[in-house]
């Protein structure tokens with residue numbers, strides 16, 4: 001898309017900012033001009049923090065949460081209950097649930113939900129690694145903390161079937177969360193109560 005600005009550098013910055021989710025061309029222009037108005041140190045700090053984040057953060061080989069040094073801080077915490085695994089769609093859900101302070105176990109990040117319409121199949125997610133984890137570790141309960149959407153329910157059922165041959169309790173969040181809502185938009189009190197009042201998975 002050709003721009004009408006007199007600066008190739010500005011055009012390049014707008015083009016890169018526009019690649020971020022939820023950032024359109026007008027917002028990217030506003031952000032770029034905002035950074036130009038600020039002291040250079042503001043832009044340098046932003047750029048360096050993004051570069052350092054990208055270089056320093058990887059994914060935990062156990063739960064697939066973000067980590068700065070191999071196994072993540074949650075999986076390496078001896079005070080957590082490693083027999084209770086909370087299965088979530090993405091890293092944002094880990095952050096959301098952690099804010100409730102109601103889950104003392106560990107996590108397993110799937111990296112998405114089963115959605116044939118979007119071309120996402122079970123093999124695209126970290127489901128096999130979850131089954132392997134339950135088989136090898138002393139897991140007593142798997143909490144399916146997925147959004148109560150069609151895709152979330154489909155994924156819940158698929159995981160339940162994959163774990164049905166194992167001696168592990170499979171539970172789901174209590175339905176205090178409205179049907180169709182994304183987990184990250186649920187208030188912390190409701191989400192916390194849904195974790196505490198979780199129920200056995202029912203087909």
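In our numbering, the protein residues as written are 1 to 203.
Cβ coordinates follow ideal geometry from the N, Cα and C atoms, glycine included.
Predicted model only: the values in this text are computed from it and were never measured.
Original post:
Taking the beta strand (DSSP E) that residue 117 falls in, what are its first and last residues?
Top reply: Counting along the chain, residue 117 falls outside any beta strand (DSSP E), and DSSP gives it neither H nor E.
Subject >> For residue 44, the residue or residues it bridges with in DSSP >> reply: DSSP, once it has assigned bridges, lists no residue as partnering residue 44.
Original post:
Can the beta-carbon of residue 126 be found less than 8 Å from the beta-carbon of residue 110?
Top reply: yes
Original post:
What residue from 73, 55, 54 has the CA that sits closest to residue 61's CA?
Top reply: 73
**OP:** Rank 52, 11, 49 by C-alpha distance to the C-alpha of residue 36 and give the top, closest one.
**Re:** 11
Original post:
Can you name the residues that DSSP bridges to residue 105?
Top reply: 81
Original post:
What first and last residue would you give for the alpha helix (DSSP H) that runs through residue 131?
Top reply: 127-136
Original post:
From residue 69 to residue 201, what distance separates their C-alpha atoms?
Top reply: 35 Å
**OP:** Go through its chain and collect everything with a Cβ distance to residue 94's Cβ below 7 Å, but skip five positions before and after it.
**Re:** 65, 88, 107, 109
Subject >> Length of the line joining the Cα atoms of residue 25 and residue 121 >> reply: 32 Å
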